Amino acid sequence: GTINHYAAVQATISNPSGNQFGDITSDYALSKTGTKKALITGHFVGQAVAPHSFFTQSILLNDRKLMAGDYSLKWTAKSGDFSWTKTLAFHYSGHLPKNTLQPVVNKPKTKAPDNPQLPWIITGIAIALLLILTGTWGWSTWHRRHNQ
């Protein structure tokens, strides 16, 4: 599926019990069915699930492309003394919605322009403001003393 128009694997996590679980730590591994090598792994911390509720956890694919085929997602979660393990099998057709964006990239595409004069410009403006404030204070003090 997609999350915010980015390709992702989504898993729904539910809590059918009347207990609230907090500080959940979960690990996942996505692999092709029949292989043990994980294509994508991940780790989430600090999650919580309210009683009788569910939420969808999204695993962004980023620059990885999944080929059409059968996959399995192994999910392990732990909260205090409780732990759960679930393996989900699913089929991926190889097609994503047309509005899917390009992978999330953490690096900027172009380097930010380097402007060595910027610190000097900021310093000059700060000094000018300081002189204006000092001059205004000095003039008002002098003017007040001479008008008395």
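The sequence shown: position 71 = 71 (UniProt numbering), numbered continuously.
Every residue gets a Cβ at the ideal spot worked out from N, C-alpha and C, and that includes glycine.
Please read all numbers here as calculations on a predicted model, not as lab measurements.
Boundaries of the alpha helix (DSSP H) in which residue i is found, first to last residue
| i | result |
| --- | --- |
| leucine 130 | 118 to 146 |
Segment limits, beta strand (DSSP E) that includes residue i
| i | result |
| --- | --- |
| alanine 68 | Counting along the chain, alanine 68 falls outside any beta strand (DSSP E), and DSSP gives it neither H nor E. |
| serine 14 | 6 to 15 |
| leucine 61 | It is not in any beta strand (DSSP E) - leucine 61 carries neither H nor E in the DSSP assignment. |
| aspartate 114 | Aspartate 114 -> no beta strand (DSSP E), and no H or E assigned at all. |
Reduced DSSP category for residue i - H, G, I as helix; E, B as strand; rest coil
| i | result |
| --- | --- |
| valine 104 | In this prediction, valine 104 scores a pLDDT of 48, lower than 50, which makes its location untrustworthy; no coordinate-derived value is stated. |
| lysine 78 | strand |
| histidine 91 | strand |
| histidine 52 | coil |
| glutamine 20 | coil |
| threonine 33 | coil |
Separation of residue j from residue i, as counted between CA atoms
| i | j | result |
| --- | --- | --- |
| phenylalanine 54 | asparagine 15 | 6 Å |
| alanine 38 | proline 119 | 49 Å |
| glutamine 117 | leucine 131 | 21 Å |
| threonine 12 | phenylalanine 44 | 14 Å |
| residue 158 | isoleucine 121 | No answer is possible for residue 158: it lies beyond the span of the chain, which begins at 1 and ends at 148. |
| leucine 60 | proline 113 | 30 Å |
| glycine 80 | histidine 52 | 19 Å |
| tyrosine 6 | asparagine 62 | 8 Å |
| serine 58 | threonine 123 | 46 Å |
| arginine 144 | glycine 135 | 14 Å |
| alanine 77 | lysine 36 | 19 Å |
| isoleucine 127 | tryptophan 137 | 15 Å |
| histidine 95 | leucine 129 | 60 Å |
| isoleucine 125 | leucine 133 | 12 Å |
| residue 183 | asparagine 115 | This structure gives no information on residue 183, because the portion of the chain shown stretches from 1 to 148. |
Closer than 8 Å to chain D by CB, residue i
| i | result |
| --- | --- |
| alanine 68 | Absence of chain D from the displayed structure is noted, only one protein chain being present. |
Cβ separation of residue i and residue j, assumed to be a contact under 8 Å, to the nearest whole Å
| i | j | result |
| --- | --- | --- |
| lysine 86 | alanine 29 | So it is not a contact: roughly 12 Å between Cβ atoms. |
| alanine 89 | threonine 33 | 6 Å |
| serine 31 | serine 93 | 18 Å between Cβ atoms; not a contact. |
| threonine 41 | glutamine 10 | The pair is not a contact, with the Cβ atoms about 16 Å apart (cut-off 8 Å). |
Any non-hydrogen atom of the ligand FMN within 7 Å of residue i CB
| i | result |
| --- | --- |
| leucine 66 | As for the ligand FMN, it is missing from this structure, which has no ligand bound. |
For this session: For the segment 57 to 76 and the segment 14 to 21, state whether three or more C-beta atom pairs, one from each stretch, are separated by less than 8 Å.
Result: no
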